[in-house]
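Reading through the C-alpha cells given below for one structure.
Residue numbers (the UniProt record's numbering): 1 to 718.
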C-alpha cells in the first residue's frame with residue numbers, strides 16, 4: 001500500500017540519478033556510469049565529459065541560511081519541504097568544497113608576480129639583444145611577453161624601412177613577384193606584423209656581422225622568423241587568410257626550403273595555393289571588385305606561388321599542387337601605369353608573333369616550361385614511351401614549346417639589344433629590370449641544360465630496346481655544352497658589373513651547368529679541358545658564395561664536390577665524347593651507354609632534385625665547408641662585393657688547389673706552347689685569335705663546332 005510520501009521518494013531518487021549523469025550521456029539518453037570528473041563512457045568515446053552544465057538551480061537561489069540546515073536530515077532528505085531546498089543544500093556543499101580547493105591552491109602556488117617572472121625568463125634568448133642599436137633597430141627594454149607577443153613589434157620603423165629596401169634590391173622580381181613595389185615602399189613603416197617579421201627574417205640572411213656586434217644578425221633573423229610563424233599559425237587557426245597572410249606565408253616558405261624544412265615549405269605552398277584557389281584569384285575571379293593596386297597585389301602573389309610551386313615541388317618526392325590549366329588570370333602589369341595584359345594560355349598570339357608583355361611575363365612563361373621539364377625528368381619511365389627523337393614524344397613536345405617561346409620573345413629583351421654590361425655600369429636605374437632579365441636568361445638556358453643533361457639522357461635511353469639515334473646523341477651533347485656555358489658566362493658578367501642574384505634557385509641552376517661542365521674537364525684536348533675546367537670552377541664558386549647565406553646551397557656544394565671526387569669511377573657520361581663526327585662503325589644501342597654505380601646515380605639525382613637539397617642533416621655536415629660569415633666586414637652586401645678583380649684573385653688562388661676529380665691543367669704543353677694556354681681574358685671573351693692558323697689550339701677540335709667553344713657571341717641566345 002503506497003503512502004503519501006512514496007511518490008516524492010521515487011521522484012527524489014530519479015532526480016538524483018538524472019543529475020548524476022553527465023551532459024553527453026543525458027543528451028544521448030545513455031546510461032551514465034557517473035564517474036567524475038570524466039565518466040568511462042565519455043572517455044571511451046573520446047568526447048568531452050562535463051557535469052557543470054546540469055545544475056538547473058542557480059547559485060543565487062541555492063544560497064540558504066543556517067536556519068534551513070536544521071530542516072535537513074542526515075541522508076539529505078527534507079521533511080515536508082520543497083525538493084528545491086535539497087538541491088540548494090547540495091549546491092551550498094559544493095561551493096564550500098570549491099572554496100577549500102581554492103584556498104589550497106593559493107597556499108601552494110607561487111604568487112602571480114613570480115609566475116610572470118618565470119614566463120618571461122622562458123622567452124627566446126634572442127630577446128637579450130633588444131637594446132637601443134640603430135643598426136639593428138630594436139627598442140631599449142621592450143620585452144615581449146606572452147600576452148602581447150602577437151601584437152607588439154620590437155623593430156623600429158626606420159630599421160624596417162631599411163630592410164624593405166634590401167628586399168626590393170635583392171629579392172623583388174628575382175625571380176618571385178610577391179609585392180607591388182610602390183605599395184611596399186609607401187607602406188614600409190606600417191606593414192602587418194606577419195609581413196614585417198617574415199621579410200626581416202629573409203633579408204637578414206644577406207646581412208653580415210660588423211665589428212662590435214658579434215653573432216647578432218643570425219638570432220635576429222631566426223627570432224623574426226619564429227615570430228612570423230606564431231602570428232601565421234594563429235591566423236590560420238582563426239581562419240584569417242587575407243592577402244597579408246598569403247604574402248607572409250610565401251616568405252617563410254622561402255626560408256623553410258633554404259633551411260632544410262622542405263616538408264613544411266611544401267605544406268606552406270599547398271596552403272597558399274589552396275587559399276588562392278578558394279578565393280578564385282588563379283582564375284582572375286573577383287579581382288574586378290578591388291582597386292587597381294589591390295588587384296595587382298593579388299595577381300602577383302598568385303603568380304609568386306605558381307613559381308615557387310615549380311621551383312621545389314616538381315621533384316621525386318613532390319608533385320605540383322596546381323597545374324598550368326588552373327592559372328588563367330592576367331600576368332602582372334609591366335609597369336605601374338600599364339594595364340595587365342596577356343595570359344599563360346594566350347590563344348590570340350600566333351606562332352612567331354612578338355608581343356612585349358613585360359619581362360616578368362617572359363619569366364612566368366619560362367617557369368611554366370620549367371615545371372613541365374622537371375616533371376618529365378622525374379616521372380617514372382613507362383615501358384611504352386616513345387624514343388625522344390620521335391614526333392609526339394614528351395621531349396619533342398617540350399622542345400617545340402621552348403622554340404615557340406624563343407620565336408615570340410620580344411626583340412627589346414634580347415641579349416644583343418639589352419647591352420647588359422654597359423647598362424649595368426652606366427644606368428643604375430635599369431638594374432631592377434636587368435636583375436629580372438638575368439632570371440629569364442638563366443631559366444631559358446637551364447631548361448635546355450636539364451632536358452639534354454648527359455645523366456638524364458642516359459636514364460631516359462637505357463630502357464629502350466632499339467638502336468639509338470647517333471644524331472640525337474650528338475645534338476644532345478652539343479646542346480648541353482652550349483647552354484651550360486651560357487650560365488657560366490652570365491655569372492662572369494654579373495661579377496664584372498657588381499650585380500648578383502641572391503636567390504638559391506640560381507645556385508641550383510648553376511649546379512646543373514656545373515655537372516655538365518664536369519663531364520668535359522677530362523677532355524683529351526687540353527685546351528678544351530682547360531677552358532671548361534675554369535668555367536666549372538666559376539660555377540662552383542658561385543654556389544659556394546651563396547652557401548654563406550643559404551644552408552641548402554652548402555648541401556649542394558658539398559654534393560658537387562663529392563661527385564667530382566667520384567668522377568673517375570664512371571668516367572664520362574657521354575657515349576662518344578671526343579668523336580661525334582658521325583663516322584661510327586655501327587649505331588649505338590642502350591647496352592653501349594655509360595653506366596654509373598648505384599651510389600653515383602643517387603648522388604646525381606640528389607643534385608638534380610632541388611627539393612632534396614633541403615636536408616637538415618646534410619646541411620649540418622656542409623656548414624663547416626661554407627665560407628665563414630664572420631670574415632666579412634660590412635653589415636650588408638656592398639655594391640662592389642662581387643668585383644671582377646676579386647673573381648680573378650679567387651681563380652688565381654684556385655690554380656694551386658686542384659678540384660677533386662678534376663684534372664690539373666697547370667703543366668699542359670701543346671705544340672711547344674707551355675704554361676697556361678688560355679689566359680683569363682681569352683676565357684672571358686670565349687675566343688682564340690689564332691683559331692684559323694694550322695698551329696693554333698683551335699685547329700685540333702675537329703668534332704665540336706668552332707662557335708661552341710671559341711666563338712665570341714654564341715648562337716641560341718635570347
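Note that the Cβ used here is the ideal one computed from N, Cα and C, for glycine as well.
Keep in mind it's a predicted model, so treat the numbers as computed, not measured.
Contact annotation: residue 542 and residue 311 have beta-carbon atoms that are not nearer than 9 Å.
Apart from the 5 residues on each side of it in sequence, residue 445 sits with its Cβ closer than 7 Å to the Cβ of 483, 486 and 487 in its chain, given in chain order.
Contact annotation: residue 197 and residue 225 have beta-carbon atoms nearer than 9 Å. Inclusion of residue 600 and residue 363 in the CB contact set at 9 Å is not warranted, their separation being larger than that value.
The continuous alpha helix (DSSP H) containing residue 449 extends over residues 431-451. Separation of residue 322 and residue 306 (C-alpha to C-alpha, rounded to the nearest whole angstrom) is 8 Å. Assigned with DSSP and collapsed to three states, residue 522 falls in coil, not helix or strand. For residue 248 and residue 382, the gap between their C-alpha atoms comes out near 40 Å. With a cutoff of 9 Å on beta-carbon distance, residue 206 and residue 502 are scored as near each other. If you draw a 10 Å sphere on the C-beta of residue 412, you find fewer than 16 other C-beta atoms in it, and that means exposed.
As the crow flies, the alpha-carbon of residue 202 is around 11 Å from that of residue 250. For residue 461, the CB contacts under 8 Å within the same chain, skipping 5 residues up- and downstream, are 387, 388, 468, 590 and 593 in chain order.
In the three-state scheme derived from DSSP, where H, G and I count as helix and E and B as strand, residue 38 is classed as coil. Here residue 333 is buried. Its C-beta has 16 or more other C-beta atoms within 10 Å. Per DSSP, the unbroken alpha helix (DSSP H) holding residue 478 starts and ends at 470-496. Put simply, the backbone Cα of residue 403 is about 18 Å away from that of residue 357.
Residues of the same chain with a CB within less than 6 Å of the CB of residue 49, apart from the 5 flanking positions on each side, are 22, 38, 39 and 42 in chain order. Looking at the backbone, the Cα of residue 51 and that of residue 30 are separated by about 15 Å.
The DSSP-derived three-state label of residue 335 is coil. Inter-segment contact for the segment 228-240 and the segment 288-305 is absent: fewer than three beta-carbon pairs are separated by less than 8 Å. Counting C-beta pairs closer than 8 Å gives three or more between the segment 516-524 and the segment 535-554, which meets the contact rule. Where residue 454 is concerned, the enclosing alpha helix (DSSP H) starts and stops at 454-461. For the options 269, 466 and 481, the alpha carbon positioned closest to that of residue 512 is the one of 481. For residue 302, the uninterrupted alpha helix (DSSP H) run begins and ends at 292-312, by DSSP.
Contact check for residue 490 against residue 546 fails: the beta carbons are separated by 9 Å or more.
The Cβ atoms of residue 499 and residue 434 lie closer than 9 Å to each other. Here residue 153 has 193 and 196 as same chain residues with Cβ atoms under 7 Å from its own Cβ, once five neighbours each way along the sequence are excluded. A direct Cα-to-Cα measurement between residue 270 and residue 308 gives close to 10 Å. 9 Å or more divides the Cβ of residue 341 from the Cβ of residue 372.
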